[in-house]
Each structure stands twice: as structure tokens, then as C-alpha cells.
Amino acid sequence: MSRSRADLGLVLIVLAAFVYLARHTGRVNEWFVMTDELQNAKLAVGMATTFSPVPRIHGEYFGALSVLYPLVTAPFYGVLAMPDAFRAVHFLNAALMASAAVPAYLLTRAIVSSPAAARLVAALTVLVPWAAMALMLMTESAAYPAFLWALLAFHRAAVAPSPGRDAVALAALVFAFFARTQFVVLAAVLPAMVLAHEVGYAVLREPDGAPGRPWPAWRGAWPALRRGARAHTVLLAVSAVAALLGAVLAATGSLGSVLGSYEVTASEGSLLPRGIHHAVVTHLDFVIVALGVVPFVLGAAWIFAAFVRPLDRASHAFAVMSVATIPLLAYEVASFNLRFANGGVQDRYLFYMAPLLFIGMAAWLADDRRRVAIPVLVAGVVFAWVADFAAYAASPGPYFGSPSTAFHQVLDGQSQRIGTLFGVDDLAPATLIAILTLLTAAGLALVARSRRIPGRILVPVVGLPVLVFGALETSYVLDHMTTSSGARGASGRPLDGRDWIDRALPDGATAGLIPSPEGTFPVQALWWETELFNKEVDRAWAVDEAPTYTPFPIARMSLERDTGRLRAHSDASDYLVMSERDRRFQLAGEVLGRNTSAGMILVRAGRAQQTSWASRYIDGSNGNLLSKAAAVRVYGSDVAELAEVRLKLTAPPDARRGYVLAAGTETLAGSLAAGRTRTVRLSVCVGRDGFEDVAVRPRGRPAPEGGTVAVHEIAVRRQGSDCVPT
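Below is the structure:
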């Protein structure tokens, strides 16, 4: 009966967590971090199109092996328009994140019999600040539950070994790896854990009352190791094959290839760079503080006690798994951030350890046998000492790499307030955290020594305040991420209409992007958004080696100056998207769609890929400043006609500058005062299938400290009048 009530309680917790998170994820109408979200969306679109789990972007294999999230979201992208899919996937994110409560609950029930403790852990697992990752199209939403399911499978394989459970554990390991590549470290955790558990349990378990039985029973180590090897033949055989294959790949310098696009993380620099230990402690500090410290103090105390003096296989296996997993994850994350993230803290890579501490805390509260005072005091003193390693500074805005830092401004504000009450100026959050940790650890140690309070009382008395803290913090972080002016999700722009390319294309057609060469963030953001919300955009083109916004595979084309045609180096796109303000060239085809706010057009380019005009030495790569050879070449059509060339010119801010436009016998000269802008026009007659150049030159000699006139806009308007070319 109690188990059925516990199951009902779990269902209610998952449903409540989904509704709670969906309330926030449903408000998101923008991306937060690029190009990560774009990558996951394009992978999902590719999988929905090809019905294949192989990661492909722009028609080419892309070595992003964290394919679980794209696979799960692919059906939404396959059947819905992109704005609708964007909404649906964010609701799915809420469901995925809420589902992490299920394996956390089951893992807790495998260790303690208290349904209340398991429900507490299930709720705490969702009420963490990193639930804010559900606001984004990021792999964490699927990786979080996948990680916990893997640990549950590991634990069951260790507690009750069998070939079937070994197979399930191995499958869960693979599942977790494809959820998030960083979980490759679990490949070391699983075999080490099962063997360490067998040996440790035989050597360190409490004496069973047999006369003369020593503790620790070191003589039992070798027989236990042999028993463990026999019990896990499937697991160890697969591990041995994997290790041999890894050795071969390492000998050939190809070991990093198993990480796909993260190959560089295994091949560049030392895995233990300078400052690694400080970085590990700092990352742990951020996570522990975000959890409210109490889960660490009690969880670490229980894990240590269960590790050195095991009473049963379940608790010892969990302790060994935690001791192996948490430090290994911490070192992996710190190493990555030191080498590839400028040494910053990104605790979104480490928050997976949180449920392990929650489970340890719940077990300490529920299990009278493991309520020992000394480990609690030691854990409190150790964290009070290392808490000062990290700076809990007020965050200027939401940071996706470390969502918990959004709450640091609350910690900073409360520290100042409490310091003022006690006459302390500028009380640092780290100091306050250390003091509160010592006081809390001392109080919990007294509770442990009394042994008079049963677990059914302690679980709600201690657990509910931790749960309330988690709920308040998580709600604050979610609100901060979705409403802060620093978050793109706060723009309030509607989603509908952003798939303007998909809606304008004929059925079955796809389009390629020709991004502007300017590398500024606002320009890049426009192209990121354009590709994100249009699933029929399947390519990005680089013209004449110009830079692009994308880290994904690109196609290349060249502009033939004599004919004005774009020559693709691979299969050309019949439909192309480019900026109306691109100063390099404009396409001559029919305009099928236009995004006025972004200044982009969709053109039916056809196989000819003909441009209407092209400039020379007037582009973003040289600051749009005129050189002596600058020109606008206007290409003819099937009849001779007049064309008006319109240029928007600006003088540098320091001095007056002159300019000259010349085409055939026509010349237009002038000058601009410092910092002034002017639009100038010159009409030219363009012959049939020919071209006419409009030279645009600076006039006079610029001062050594000044620049020349800059061209900000180029437009060519066909006037349709017959003319005779000169």
C-alpha cells in the first residue's frame, strides 16, 4: 500500500514539476545561446528529414555525438512549422527535466525504505537553478534524466550482479554518452565501481558478530575481487575490449576521435592544467552553495560513513558510485573550462552531481544507523574552509554557462544586510556562508548525537527548508533568465512570421543563405535567427572566401566579375537569401519573400545565379572606405537600359573629405563636411548582356590621421528607358 502511495506521490511531483517549468519555458520566444541552440535544432531537422540518427548539418556529417536530444525533438521539427516546433520543444524540455525526478526517486528507494525521503529527493532533483537550461534548446534537458537513469542501472548491476544487469548498465552508459559527450567519464566509473564495491564491501563491512572477525577484513580482498570478476564477466569483457581499442587508438593518435567534435578536448593541452585543483574546488563551491550547503554537509557525511563502514550492499554501492563519479566529473569540468573556456566557472557541466548529494542527505535523515556526528562536523569544517575559494559576486546578467550565479546577487545583498545588523561593513558572501555552514554543521552534529529524533520527523523538519530554499532560488533564476533585459528571451517579439523563408518557398524547395561578411554580433544574430526559424534553409554560402556567421559546413561560390555570375563549387541553390544592404553584390532574380526588419530578401536565383551589380573594394572587410580602385559594376540584361546607381556616403568624423563618381563621360564630384552623410546618384547606360562600371574615388589627399569617404549603402534602380551605350 505504501509503495502505491509513493508511486502516486511521484506522479504528482513529476506533473507539478512539469507545470512549474512549462510556465517558464512557454514564455520563451528567443534563443539564449548561439550557436549551440542552432546546432541542436538543425541536427533535429536533419534527422526528421532523413529519418536517420546520423548527425548531419547542411547536408554533411557533423561530429556532434550528443544526439539524444536532437533525436527526441526531431518529430516536432518534422511535423510542425518552425515557430510551432520552437514552442513545442520548450514544453518538451520542461517534461524532460521534470522526468529526472523518476530515476532519482528509484535510486533513493533502493537505499532507504522511506517513501517520504524518496519524494523529497525527487522534488529537490527538479528544484535546482540549472532547471533554467530547459529554457534553451540545449542537451541538458535530456542529459539530466539520462545521467540519472545510467547511475540507477550502474547501482543495480553492482548490488545484484547478473549478465542481464551488466548489459543494461552498458546500454545505459552508451545512452548517457549519446545524451552528452562529457559522460564518457562514466566508462571509467562503471567497471571501477563494481569491483571497488565488491572488494570494499567484503573488507569494510561491519563485523557480523562472528568471534575473532577483524575489521577491516583485509584477507577477504582477493577472494572478493575474484567473486566480482566472475559476477561481472559481461561487463569486464566489454570493458577490456573497449580498453584495448582505446589503447590502439591512442597509439595511432586517434583516441580523441571517439568524442566527435570534442576531439580537441582530448588532444590539446594537459588534462590536468595548471590551477586544476583550485578550479575543481571553485566549481564544487558554486554547486554546493546553489544547493543550500546542507545537502553537501549531510550527503557527504552519509556517503563517507557508508563507504568506510557499510551496513548493506545497496548503501555501499551508492557510496562507491558517488565517490567515483563526483570527483571525476569535477576534474573533467574544471579541465575543460581551464583549457577551452578562459578559466571561467560553468557549473552547468557539473550540476549532475546534485541528486547524489540529495540522496545522501535523505539517507542520513531517514537512516538512524548512519546518523554519525563526526563526519557531519568534518564536512562542515571542510566546506567552511574552501567556501572562500570562490567569489560569489553579483552577476550582471543571466549567464547560461552558470545559471546559479544569477542568485549570487541575492547572496551578496543579504550578506550586506546581515553584516549591517551586526555592525560589519561589507560582509562578503563567502564569509557569511562559512559562518552559517559551521553553525548548521554543529547543530546537525548535535542532532546526530542525540539519536532521539526518528527519521520520519527529521526528513520533513530538515528536508522542507531545503526544498523551500530550492524552490525560491529556482524560481528566482527562472524569472531572471526569462525577464531580465540581458536575456534574449525577454524581447517579447512574436514567433509567428519568423519562418518567412519556409512560407515563401515552393513545396519541396530549399534555400541557401549568403550571409553578410560583417562579423559584428548584431549581424551574426540576424543570420543565426534566420536559419534557426526556417527549416528549409539547408546551406550557407561563402562567396570569394568571405567570412560567414556559421561554424557548420559551408558551401563556396565565386563571383565572375566579367559576367556577374556566381559559380558554385558544388550543387547550386536555386533559392538564395541575402541582405538587401549587402555592399558586395545583389542578385538579379525574382524576389519571392522579404523580411523588412532584418533587411533580407529571398531570391529565385535559378541555375544562372546572375547578379544585378557587384562592387569592388567596397565591403565590410576593409571598413567600407573607398580606395582608388573602388567601383560598382552594373550588369546588363537582354536589352540596353538606363540604371541609376545610388550611394550613401559618409565623411570621417575628423575632417571634410571629397569624392568623385565617374561612368563613361559622366562625372559627379563633391565633398562632405566632417561626419556628414549624403546620398548621391549617377545614371549609366548598360548595354545588352554587357556591363558598365561606376568608379567611386576619394578626391584629394586625406590627412595622415584621417580616413577617406565611406560607402554605407549601394542601390541600383533599373529605369527601363532605352539608351545607347557609349
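Going from the sequence shown to the working numbering is simple: count from 1 and add 9. Just so it is clear, CB atoms sit at the ideal spot from N, CA and C, and this is done for glycine as well. Please read these numbers as outputs of a predicted model, since none were measured by experiment.
In terms of DSSP beta bridges, what is residue i paired with?
| i | result |
| --- | --- |
| V643 | W622, E701 |
| R548 | G521 |
| I66 | E69 |
| E675 | A672 |
| V7 | Because the chain here runs from 10 to 735, residue 7 falls outside it and cannot be looked at. |
Report all residues from its chain with a CB closer than 8 Å to the CB of residue i; omit the five preceding and five following residues, and keep chain order.
| i | result |
| --- | --- |
| E545 | I510, D511, L514, A518, T519, A520 |
| A399 | V290, T291, D294, F295, V298, V354, A439 |
| T676 | V669, L670 |
| F27 | A103, A104, A107 |
| T449 | V302, V303, V306, G389 |
| L268 | L74, T190, V193, T274, A275 |
| S692 | L651, A652, E653, V654, E675, Q728 |
Rank the options by C-alpha distance to the C-alpha of residue i and give the top, closest one.
| i | options | result |
| --- | --- | --- |
| R727 | G699, G709, A652 | A652 |
| L300 | L136, L467, V342, A162 | L136 |
| V23 | M56, E69, A132 | A132 |
| G87 | S279, S61, L204 | S61 |
| I627 | G410, A126, D591 | D591 |
| T686 | F700, D698, R665, A672 | R665 |
| A683 | L691, D663, E701 | D663 |
| P384 | A314, A252, A196, V177 | A314 |
| R578 | A185, V28, E554, P304 | According to the sequence displayed, residue 578 carries His and not Arg. Considering only alpha carbons, the answer is E554. |
| G709 | P112, G679, Y271, A549 | G679 |
| Q227 | V208, L611, R239 | The residue asked about is misnamed: residue 227 is Trp in this sequence, not Gln. Closest option to W227, Cα to Cα, is V208. |
| S270 | R235, R189, G472, P225 | R189 |
| A196 | W231, E538, S248 | S248 |
| R460 | L30, R379, L157 | R379 |
| L487 | L338, L144, I368, D16 | L144 |
| H241 | L89, L204, V212 | L204 |
| D547 | D583, V477, M490 | D583 |
| A113 | A252, S171, Y361, P92 | Y361 |
Taking 8 Å as the cut-off, is the CB of residue i close to at least one heavy atom of the ligand HEM?
| i | result |
| --- | --- |
| L47 | Absence of the ligand HEM is noted for the structure shown, with no ligands found whatsoever. |
Just to confirm my understanding: we take residue i, look at its own chain, exclude 5 residues before and 5 after, and list those with CB closer than 6 Å. What are they?
| i | result |
| --- | --- |
| V20 | none |
| L467 | L374 |
| C732 | A649, L651, C694 |
| P787 | Nothing about residue 787 can be read from this structure; the chain reaches only from 10 to 735. |
| A372 | I120, V121, W311 |
| L307 | M370, W373 |
| A288 | A343, L347 |
| A564 | R548, W550, S579 |
Which of the three DSSP states is assigned to residue i in this structure?
| i | result |
| --- | --- |
| H286 | helix |
| Y358 | helix |
| G602 | strand |
| P304 | helix |
| A400 | coil |
| F100 | helix |
| P531 | helix |
| P124 | helix |
| E540 | helix |
| L611 | strand |
| R460 | coil |
| V273 | helix |
| M566 | strand |
| P474 | helix |
Report buried or exposed for residue i, applying the criterion of at least 16 other Cβ atoms within 10 angstroms of its Cβ.
| i | result |
| --- | --- |
| S331 | buried |
| Y210 | buried |
| V470 | exposed |
| S344 | buried |
| R507 | buried |
| N351 | exposed |
| T688 | exposed |
| V643 | buried |
| T274 | buried |
| G498 | Legend: pLDDT at G498 = 47, less than 50; position of this residue unreliable, no value from coordinates given. |
| D376 | buried |
| W231 | exposed |
| D175 | buried |
| H286 | exposed |
Note down, in chain order, each residue of its chain lying with its Cβ closer than 7 Å to the Cβ of residue i, except the 5 sequence neighbours on either side.
| i | result |
| --- | --- |
| V419 | Y485 |
| A581 | R616, Q618 |
| A454 | A382, V385, L386 |
| A31 | F100, A103 |
| H206 | A167, H325, A326, V329 |
Just checking: is the beta-carbon of residue i within a distance shorter than 9 Å of some beta-carbon in chain D?
| i | result |
| --- | --- |
| L473 | Reference to chain D is not applicable here, since this structure consists of a single protein chain. |
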